[in-house]
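Asks:
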Amino acid sequence: MRLVNTKTLEVHEFLPAYIPPYAILSHRWQEEEVSFKQYTKRHKYPEVQQLKGFAKIEQFCRIARERQMEWAWIDTCCIDSRSSAEISEAINSMWQWYSDAAECYIYLCDVHMQDDVSDVLAQVDRSEWFTRGWTLQELLASEHLWDVSGQKSRLLLEGAKRAISLKEDLDANGSLVYLAKDQRGKIDLCEFYIEQDYL
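Per full-length UniProt numbering, the very first residue in the sequence shown carries number 1; after that it's consecutive.
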């Protein structure tokens, strides 16, 4: 497993028996994400550091470091997408990686901090993060959730209430069928089934 050092921003590889505690990021992919190849060659190609995805990695590492986390994992720069074998392994390991993380930070790129908390929470309710199947898996696997909202550089625990309430909708046998509807009755989150052996 590859992890990013939150102080140096360098990528290190760890054998399964020696993986240190780490923070993990749950996010939606956007324009200008930074791949593993780009990230590891960023010193040779400084324009990589101008990409929006690089700013996301820096912000994530800074927040993790502030919370005393030395290591961090983000799929964009910790998985080499040029290797189909590595992608397959990552897909099969994703639940375990999120489950094993010391902390999971939820990055809601479409939520922006404001003085009015009710406005922020309304944005959280409309966030596209809640419409993705992968982010649902990441939510369910993670034990300790924090929300990193929009472009701001602070943690917003209030915003994570929506995610935590989703987690509480698990039924007794560990499976989940959840339809999230907004005030207009529109379905924001389709049905997802999580196999019992993943819980």
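Ideal placement from N, C-alpha and C gives every residue a C-beta, glycine not left out.
Residue ranges of each alpha helix (DSSP H) run of no fewer than 4 residues wholly in the UniProt domain "Heterokaryon incompatibility" (22–109), ordered along the chain?
Replies: DSSP runs (the alpha helix (DSSP H)) wholly in the UniProt domain "Heterokaryon incompatibility" (22–109): 36–40, 52–66, 75–78, 84–100.
Asks: Count the other C-beta atoms from every protein chain shown that fall within 10 angstroms of the C-beta of His27, then say buried if there are 16 or more, exposed otherwise.
Replies: buried
Asks: Would you kindly work out how many angstroms separate the C-alpha atoms of Leu51 and Thr76, rounded to a whole number?
Replies: 13 Å
Asks: Once you ignore the five residues that flank residue 205 on each side, which residues in its own chain have a CB closer than 8 Å to its CB?
Replies: Shown here, the chain extends from 1 to 199; a query on residue 205 therefore has no answer.
Asks: Quick one: grab the DSSP three-state call for Val124.
Replies: Residue state, collapsed to three classes: helix.
Asks: At a cut of 8 Å, does the region 41–51 reach the region 87–97 through at least three beta carbon pairs?
Replies: no
Asks: Which residue marks the beginning of the beta strand (DSSP E) containing residue 239, and which one marks its end?
Replies: The structure shown has nothing for residue 239, since the chain only spans 1 to 199.
Asks: If we ignore side chains and look at the alpha-carbon of each, how far apart do Arg42 and Asn92 end up?
Replies: 28 Å
Asks: For Glu195, which residues from the same chain have a beta carbon less than 7 Å from its beta carbon, with the 5 sequence-adjacent residues on both sides left out?
Replies: Here the model assigns Glu195 a pLDDT of 35, short of 50, so the residue's position is not dependable and the matter cannot be decided.
Asks: Just to confirm my understanding: we take Gln38, look at its own chain, exclude 5 residues before and 5 after, and list those with CB closer than 6 Å. What are they?
Replies: Val48
Asks: Taking the DSSP output, what are the residues bridged to residue 201?
Replies: No answer is possible for residue 201: it lies beyond the span of the chain, which begins at 1 and ends at 199.
Asks: Are there 16 or more other CB atoms within 10 angstroms of the CB of Thr6, so buried, or fewer, so exposed?
Replies: buried
Asks: Tell me, to the nearest whole angstrom, how far the beta carbon of Phe54 is from that of Val34; I am working on the premise that it is less than 8 Å.
Replies: 5 Å
Asks: Measuring alpha carbon to alpha carbon, tell me which of Ser81, Arg67, Asp110 ends up nearest Val30.
Replies: The displayed chain sequence assigns Gln, not Val, to residue 30. Residue Asp110 is the option with its Cα nearest to Gln30.
Asks: Determine whether the beta carbon atoms of Ile79 and Phe14 lie at a separation below 9 Å.
Replies: no
Asks: Are the CB atoms of Pro20 and Glu70 nearer to each other than 9 Å?
Replies: yes
Asks: Ile63 and Tyr18 - do their beta-carbons sit closer together than 9 Å?
Replies: no
Asks: So, at 8 Å on beta carbons, what are the nonlocal neighbours of Glu10 in its own chain, with the 5 sequence-adjacent residues on each side left out?
Replies: Val4
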